[in-house]
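Undergrad:
Number of protein chains: 4
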Amino acid sequence: MFRVTNFGESHGPAIGCVIDGCPPGMELSEADIQPDLDRRRPGTSRHVTQRNEADAVEILSGVYEGKTTGTPICLLIRNTDQRSKDYGNILQTFRPGHADYTYWHKYGIRDPRGGGRSSARLTAPTVAAAAVAKKWLKQQYGTTFRGCMTQLGEIAVPIEAWDEVPNNPFFAANARVIPELEAYMDSLRKAGDSVGARLHVEASGVPVGLGEPLYDKLDADIAHAMMGLNAVKGVEIGAGFACVAARGSQHGDELSPEGFGGNNAGGVLGGISSGQDITVSIAIKPTSSIRTPRASIDVAGQSTQVETFGRHDPCVGIRATPIAEALLALVVMDHALRHRAQCGDVRVGTPDIARQQVPGSAG
Amino acid sequence: MFRVTNFGESHGPAIGCVIDGCPPGMELSEADIQPDLDRRRPGTSRHVTQRNEADAVEILSGVYEGKTTGTPICLLIRNTDQRSKDYGNILQTFRPGHADYTYWHKYGIRDPRGGGRSSARLTAPTVAAAAVAKKWLKQQYGTTFRGCMTQLGEIAVPIEAWDEVPNNPFFAANARVIPELEAYMDSLRKAGDSVGARLHVEASGVPVGLGEPLYDKLDADIAHAMMGLNAVKGVEIGAGFACVAARGSQHGDELSPEGFGGNNAGGVLGGISSGQDITVSIAIKPTSSIRTPRASIDVAGQSTQVETFGRHDPCVGIRATPIAEALLALVVMDHALRHRAQCGDVRVGTPDIARQQVPGSAG
Amino acid sequence: MFRVTNFGESHGPAIGCVIDGCPPGMELSEADIQPDLDRRRPGTSRHVTQRNEADAVEILSGVYEGKTTGTPICLLIRNTDQRSKDYGNILQTFRPGHADYTYWHKYGIRDPRGGGRSSARLTAPTVAAAAVAKKWLKQQYGTTFRGCMTQLGEIAVPIEAWDEVPNNPFFAANARVIPELEAYMDSLRKAGDSVGARLHVEASGVPVGLGEPLYDKLDADIAHAMMGLNAVKGVEIGAGFACVAARGSQHGDELSPEGFGGNNAGGVLGGISSGQDITVSIAIKPTSSIRTPRASIDVAGQSTQVETFGRHDPCVGIRATPIAEALLALVVMDHALRHRAQCGDVRVGTPDIARQQVPGSAG
Amino acid sequence: MFRVTNFGESHGPAIGCVIDGCPPGMELSEADIQPDLDRRRPGTSRHVTQRNEADAVEILSGVYEGKTTGTPICLLIRNTDQRSKDYGNILQTFRPGHADYTYWHKYGIRDPRGGGRSSARLTAPTVAAAAVAKKWLKQQYGTTFRGCMTQLGEIAVPIEAWDEVPNNPFFAANARVIPELEAYMDSLRKAGDSVGARLHVEASGVPVGLGEPLYDKLDADIAHAMMGLNAVKGVEIGAGFACVAARGSQHGDELSPEGFGGNNAGGVLGGISSGQDITVSIAIKPTSSIRTPRASIDVAGQSTQVETFGRHDPCVGIRATPIAEALLALVVMDHALRHRAQCGDVRVGTPDIARQQVPGSAG
């Protein structure tokens, strides 16, 4: 019901999106959206791509006198620093681990401009759209979102202090480990290599009851959104893969009048939100575009070597935290509206919400 | 484009589904579907629920003189062994780790008949629908699907011999470990507890080029399908979470004229199939319904204890392998049809398929 | 949001549908649905097909202890009087004005059993699903639906008395014209010919504000539903084609504090309901299957003659009134739920509803 | 499958759309789109609004080196002549026959800038998107589209010469009647009034077999598209409402080895194209915004009078012909892609197309 249609290419003139289904009457201006875009912006530290984009968002429609009208909201971001020539040398070859090969086979067309649609740059409109969703969810239900990096390559980054996240370029909730991360990235950059990362995102204050029983379970839609993010190869809800070796006598979160006794479920039971924090963990693969030469083939099927000299993030996971938050927010927003459709507003429609204390997360 | 609409409840009179968009002219009878249903059927060993269901499928529409007509195919499975009284004692309480709590908050209604829609029984129609998809994909592209259990609780089950899978109740591709698994399950059943599992499923012979670049990436849709399966809490494509500690210089699969040098990508690059095997791993949580007493609350919010005496699988993962295969098949089928819509038939439409050897998986 | 998935064929074992998205907690039994099915049932007068079907509906899922649970509702109707042999002689030929020809070209398959999916029999599940929608809309907003035939062949049937509709087989809101209609149909039947009809349907008590501004306007969805009904070739909203020769100074319905001064708009302005009655008129073509011999071709493309001996309605429009009502109800229901999604419940969410009298129709 | 997402408002900075699902590899530039936009452009004769818009389209994405890449195509049209002050006097009142009233009730927001989303200006992106569809259909199947006005107020405009359509501002296929139409419009403009129109559009060279049997019949989707166009109140396929008084012995189009003997069906049988011309007729109501004073209410519900002084078309039907063509093209395009998905490419997949002459329209 909250539909985001994304358009543009990394090195075309502009990128953007159209939001359909936004509730009317909410105050909205570019100032509500720009801060989230700035958080994912490239060029902000030496550990990420040096491409310099202002990522200034323009609201083209759907807002009148500072309020949403209920009609489609078009958000536009002009590209300003696209240097297509950086990609000239890769026009005839396929980069290992990259979408070049599959796009070429699917469409029979090669668009070398920064990976065209497959560029992580296309996540900017997603972040912009999610800023609108976040604002509405905060006002309506008090829902909030946050995220951090929990592992960089071999280095675990324990969650110690959430307020450290904005103070470092890694979105680490941990001040102590920053020097180690800095040194690690410096050596990686020198080596012309890249590395993966693990991120954690969560939503708090999600109303109980959002989701669907079978087709579009809340956790299924979260997995869809996260796995759809560039370079993501794994998604966990709650305790995730740790459940394999767990017993039912421990894993199922007990309930008491004070609330849940744990949150192994990650805030979702049977595809529907439980009112606990929704917790998600994702694995992001190492950047495929690296300076180190790699074996590949060209469009004629002949052996060749590929080195990539464009401006790439040595760890795409570093800038991905605000994007993962955005994806979670879009899924929750969509289900909040779907729930209203079938069951009426969560504040007034669900009979038990009003007269019963929703147990919070004790996890 | 291959749409499956599922209906029914675990303890209602019948379950089933409607398939829209099936290509016309394919030979189809119940005999094409029943074998897959039999593979997931309950009551086939002492390690799974003793509920006894024939799971006999009936084709109600969409087939004429043994061939699909292109119109909706309705598949019906009558429930025969529903014993709702088994659930009488849990009507007023919420089972930890179970959808009782969230359904009740969402809908304000309590349907105690075996979890209603949240029962794993509803996966039977999914398996039936996927049998139709599998047959078409096999005929059209030679695509095949297989899966196995790779971990049960703490016990790893290495893939050693695929032809062992049908020879044991665990779907283990490994004869050696069966006695250990048997003993493990026996002790677990005695203890009234349950445990999780990890499964592996894969598709071979998938044409290169299936998927979408941004909205409905092939891997995003796979994650959606898998996380939508009851009790799944984690999904990996290819190397999955192992990518976090990997370097780009190793993780990106190199190409040579003979094919790919590995399959860390799991057969998907940029959301589009690469022609390699699609490999997926999922984590299934321990069954929530166990005999061991657990703390909970009742519908009035008061403390209580819950013990479950219904016939439940002590490890829902044991019977889930054919279901995970089915989900993978449905996603591939849908994308095969979507690809035809935009790009024409994979055999004739994509210009490069004809004149180039698609590198197979060397992984 | 209120999705109906229909399945079955005219001469298969059963027909039915699955409703997704029905609000939970509404009392529902077969007795709520059967009366509407009985209104469209064949075999009830000499003017319609003599096929004898009980059209007894069975609720297979989605209802527990007499209340909707919010999960999919499957409605099943068994076929009991299918005589496929009646169609034996038309297997190799195409009936003029019939879907034989196009189905055969689309699917490459010929299903002679009463037109397969193209039979008007498939409207029975639609009527059943709409009975659920009607009940909810009545309870929630007081919305009601009614319809009648306004023309049969050349004979106009003016709306004079709505309470006459159930008293005659034509759904005529007019007692005076019945003898003329009876004689007309008798002579038509003797002549082995068929004729068209015009129907009028309307919804009263529709909340103001239902619809969408651009993609799925309320009137666009109504036109979609109506034109999708077998044999419909024209759809009008409000004054319809009469607007071509009208002036803006007369056609635009004026407003006063007492309400609208007319209803040329048919209750929809800019794709959104105005709170006035929604009025729709449809044209239904003469039955294509007639006894009179007609020129055609066979599947080899050779000239042939076609006579149809099956049990067909000489005017399919006669039984179509309850179906057209049903289609209108399904569209309104879907938009009622969509409106709740975006704007909150119509009773509490739209700020102006509460403090302002919604002008009723004076038309 | 060919999805067009429209955005923008009449008096915002820009309007446009995003096309998803366009087949890759087609040559495309602004020059393919601009001619159709110019045909619907305002300000080209004294009989239409004097708003002066260049309607210059810019392709923002989805095209590389002059060819479609298969990824989303964003088309942008900047507004240049928006004069919101013209609307200042209507902020507090509701214009009879206009969407003001319903938008305000739905969204609780008043956007006075030229009707916001409800403006016919939003059809420009539709026309632009359809130009892409038309080009592909022409290349792939030789499908072509054309349309004309067939009635203006009381004046019938018979189709006499299709090549006259571009020679007059009315899109009349008739040179003889132009002076009468000119005089009629001049007197209407002096009177400050408006009038309705009837348009005819058709598609030739549509492959047989496009459409769906039940949910999204080709004619249902055409009706949806047409009724969704601003001011349309009636839609007919083929003979339309004339079928009411017709006999089955005349109305059903006979077949012979040379083709169909007529086209009362309008090229659609059972929701699927027959290969004949698809013919559609629509009724467009008189412009609601007129200079003549009309009774209405203000937002407080009090009586008032409304006169509209903005630059409006005295007959919106005059410029609507290219828009109706565009809508028909978008529906055919979508079904062409859907057909490929289920049945394979129309050239190679449908077994009978290749070996049988598709009978053309003799109507």
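Going down the list, the protein sequences come from chains G, S, V and U.
Numbering follows the working numbering, with no gaps: position 24 of the first sequence is 24.
Just add 363 to wherever you are in the second sequence, counting from 1, and you've got the working numbering.
Just add 726 to wherever you are in the third sequence, counting from 1, and you've got the working numbering.
Just add 1089 to wherever you are in the fourth sequence, counting from 1, and you've got the working numbering.
C-beta atoms are modelled at their ideal positions from N, C-alpha and C, and glycine is treated no differently.
Keep in mind that this is a model prediction, so the values were computed, not measured.
1) Buried or exposed for V:Pro-749, going by 16 or more other Cβ atoms inside 10 Å?
2) Quick one: list the residues of chain V neighbouring U:Glu-1325, beta-carbon separation under 7 Å, in chain order.
3) List in chain order: all unbroken alpha helix (DSSP H) runs of 4+ residues lying wholly within the segment 380 to 465 of chain S.
4) From G:Gly-262 to S:Leu-691, what does the alpha carbon distance come to, in whole angstroms?
5) Return the residues of the segment 780 to 808 of chain V that lie within a Cβ-Cβ distance of less than 7 Å from chain S, sorted by chain order.
6) Compare the beta carbon distance of U:Val-1093 and U:Leu-1117 with 7 Å and say whether it is the shorter of the two.
7) So which residues of chain S does V:Lys-832 contact, with C-beta pairs closer than 9 Å?
8) With a cut-off of 8 Å on the beta carbons, I'd call S:Ile-472 and V:Gly-751 a contact; round off their distance for me.
9) Could you check if U:Ser-1276 is buried or exposed, using at least 16 other CB atoms within 10 Å of its CB as the buried criterion?
10) Should G:Trp-162 be labelled buried (16 or more other beta-carbon atoms within 10 Å of its own) or exposed?
11) Using three-state DSSP, classify U:Cys-1237 as helix, strand or coil.
12) Compute the Euclidean distance between the alpha carbons of S:Glu-599 and V:Asp-781, then round it to the nearest angstrom.
13) Report buried or exposed for G:Ser-249, applying the criterion of at least 16 other Cβ atoms within 10 angstroms of its Cβ.
14) Note down the Cα distance separating S:Ile-653 from S:Pro-521, rounded to an integer number of angstroms.
15) Could you tell me the alpha carbon to alpha carbon distance between U:Gly-1406 and U:Met-1315, rounded to whole angstroms?
16) Grab me the residues of G:Val-306's own chain with a C-beta within less than 6 Å of its C-beta, minus the 5 sequence neighbours each way, in chain order.
17) Can you give me the Cβ contacts of S:Ala-493 inside the same chain, cut-off strictly under 6 Å, excluding the 5 residues immediately before and after it?
18) Could you list the residues in the segment 201 to 228 of chain G with a C-beta less than 7 Å from some C-beta on chain V, going in chain order?
19) If the cut-off is 7 Å on Cβ atoms, which residues from the segment 675 to 703 of chain S count as contacting chain U, listed in chain order?
20) Compare the C-beta of V:Glu-1033 with all C-beta atoms of chain S and state if any pair is closer than 7 Å.
21) Should U:Leu-1149 and G:Ala-120 be called a contact, given that it needs their Cβ atoms to be closer than 7 Å?
22) So if DSSP puts G:His-200 in a beta bridge, which residue, or which two residues, is it bridged to?
23) Answer yes or no: does any C-beta atom of chain V fall closer than 7 Å to that of S:Ile-372?
24) Report back the beta-carbon spacing between S:Glu-517 and G:Ala-245 to the nearest angstrom; my notes put them in contact at under 8 Å.
25) Which runs of the beta strand (DSSP E) at least 3 residues long sit entirely within the segment 596 to 668 of chain S? Give them in chain order.
26) Please name the residue in U:His-1187, U:Cys-1106, U:Ala-1120, U:Glu-1154 whose C-alpha comes closest to that of U:Leu-1164.
27) Three-state secondary structure (DSSP) at V:Val-921?
28) Can you tell me which of the three DSSP states S:Ile-378 falls into?
29) Quick one: using the 10 Å Cβ neighbour count with 16 as the cut-off for buried, is G:Gly-142 buried or exposed?
30) For V:Ala-899, decide whether its Cβ has a neighbour in chain S, counting only Cβ atoms nearer than 7 Å.
31) Any idea what DSSP makes of V:Thr-731, helix, strand or coil?
32) Flag this pair as touching only if the segment 1005 to 1013 of chain V and the segment 914 to 927 of chain V have three or more C-beta atom pairs under 8 Å; answer yes or no.
33) For V:Gly-918 and V:Thr-1018, what's the separation of their Cα atoms in angstroms?
34) Short check: CB of S:Ser-636 to CB of S:Gly-629, under 7 Å?
35) Within 7 Å of any Cβ in chain V, is that where the Cβ of G:Met-1 sits?
36) Out of V:Leu-995, V:Pro-1012, V:Glu-938, V:Thr-852, point me to the one whose CA is closest to V:Ile-1049's CA.
TA: Put simply:
1) Translated into positions along the third sequence, residue 749 of chain V becomes position 23. That one is buried.
2) As a position in the fourth sequence, residue 1325 of chain U is number 236, starting the count at 1. Residues of chain V passing the Cβ test: Lys-959, Gly-960.
3) 393 to 403
4) Counting from 1 along the first sequence, the entry for residue 262 of chain G is found at position 262. Counting from 1 along the second sequence, the entry for residue 691 of chain S is found at position 328. Rounded to whole angstroms, G:Gly-262 to S:Leu-691 spans 32 Å at the Cα level.
5) Leu-786, Ser-787, Tyr-790, Lys-793, Thr-795, Gly-796, Thr-797, Pro-798, Cys-800
6) Here residue 1093 of chain U refers to the residue found at position 4 of the fourth sequence. Here residue 1117 of chain U refers to the residue found at position 28 of the fourth sequence. Taking 7 Å as the Cβ cut-off, U:Val-1093 and U:Leu-1117 do not qualify as a contacting pair.
7) Position 106 of the third sequence, counting from 1, holds the residue named residue 832 of chain V. In chain order: Pro-387, Gly-433.
8) The sequence position of residue 472 of chain S within the second sequence is 109, counting from 1. The sequence position of residue 751 of chain V within the third sequence is 25, counting from 1. Sure, about 6 Å apart at Cβ, within 8 Å.
9) Translated into positions along the fourth sequence, residue 1276 of chain U becomes position 187. Classification of U:Ser-1276: exposed, given that the 10 Å Cβ count is below 16.
10) Locating residue 162 of chain G in the first sequence gives position 162, counting from the first residue. G:Trp-162 is exposed by the Cβ-count criterion.
11) Mapped onto the fourth sequence, residue 1237 of chain U falls at position 148. DSSP places U:Cys-1237 in strand when its eight states are reduced to three.
12) Taking the second sequence and counting its residues from 1, the one referred to as residue 599 of chain S is at position 236. Taking the third sequence and counting its residues from 1, the one referred to as residue 781 of chain V is at position 55. Computed Cα separation, rounded: 49 Å.
13) The residue you call residue 249 of chain G lines up with position 249 of the first sequence. Its Cβ being crowded by 16 or more others within 10 Å, G:Ser-249 is buried.
14) Within the second sequence, residue 653 of chain S is the residue found at index 290, counting from 1. Within the second sequence, residue 521 of chain S is the residue found at index 158, counting from 1. Their Cα atoms are separated by approximately 28 Å.
15) Counted from its first residue, the fourth sequence places residue 1406 of chain U at position 317. Counted from its first residue, the fourth sequence places residue 1315 of chain U at position 226. Roughly 13 Å separates the two Cα atoms.
16) Looking up residue 306 of chain G in the first sequence gives position 306. Thr-93, Arg-95, Arg-294, Ser-296.
17) The sequence position of residue 493 of chain S within the second sequence is 130, counting from 1. Counting only Cβ-Cβ distances below 6 Å, and skipping sequence neighbours, we find Ala-689, Ala-692, Leu-693.
18) Pro-213
19) Leu-700, Arg-701, Arg-703
20) On the third sequence, residue 1033 of chain V is found 307 positions in, with the first residue counted as 1. It does not: the Cβ of V:Glu-1033 has no partner Cβ on chain S nearer than 7 Å.
21) Translated into the one-based positions of the fourth sequence, residue 1149 of chain U becomes position 60. Translated into the one-based positions of the first sequence, residue 120 of chain G becomes position 120. Result no, Cβ atoms of U:Leu-1149 and G:Ala-120 do not sit closer than 7 Å.
22) Translated into the one-based positions of the first sequence, residue 200 of chain G becomes position 200. Its beta-bridge partners are G:Cys-148, G:Ser-281.
23) Residue 372 of chain S sits at position 9 when you count from the first residue of the second sequence. Here the sequence assigns Glu to residue 372 of chain S, which means Ile is not the residue at that position. S:Glu-372 counts as touching chain V.
24) Within the second sequence, the letter at position 154 stands for residue 517 of chain S. Within the first sequence, the letter at position 245 stands for residue 245 of chain G. Contact holds; Cβ gap of about 5 Å.
25) 641 to 647, 657 to 660
26) Numbered from its first residue, the fourth sequence carries residue 1164 of chain U at position 75. Ranking U:His-1187, U:Cys-1106, U:Ala-1120, U:Glu-1154 by Cα distance to U:Leu-1164 puts U:Cys-1106 first.
27) Numbered from 1 along the third sequence, position 195 holds the residue referred to as residue 921 of chain V. V:Val-921: strand per DSSP, three-state reduction.
28) The sequence position of residue 378 of chain S within the second sequence is 15, counting from 1. In the structure shown, S:Ile-378 sits in a strand (DSSP, three-state: E or B).
29) Stepping through the first sequence from its first residue, residue 142 of chain G is reached at position 142. Exposed: under 16 other Cβ atoms inside 10 Å.
30) Indexing the third sequence from 1 puts residue 899 of chain V at position 173. So, not an interface residue.
31) Walking along the third sequence from the start, residue 731 of chain V turns up at place 5. In this structure, V:Thr-731 counts as strand in the three-state DSSP scheme.
32) yes
33) Here the question's residue 918 of chain V lines up with position 192 in the third sequence. Here the question's residue 1018 of chain V lines up with position 292 in the third sequence. Going from the Cα of V:Gly-918 to the Cα of V:Thr-1018 covers about 6 Å.
34) Numbered from its first residue, the second sequence carries residue 636 of chain S at position 273. Numbered from its first residue, the second sequence carries residue 629 of chain S at position 266. No. Outside cutoff.
35) Indexing the first sequence from 1 puts residue 1 of chain G at position 1. Taking Cβ atoms only, chain V reaches closer than 7 Å to G:Met-1, which makes this a yes.
36) As a position in the third sequence, residue 1049 of chain V is number 323, starting the count at 1. For the residues V:Leu-995, V:Pro-1012, V:Glu-938, V:Thr-852, the minimum Cα distance to V:Ile-1049 belongs to V:Thr-852.
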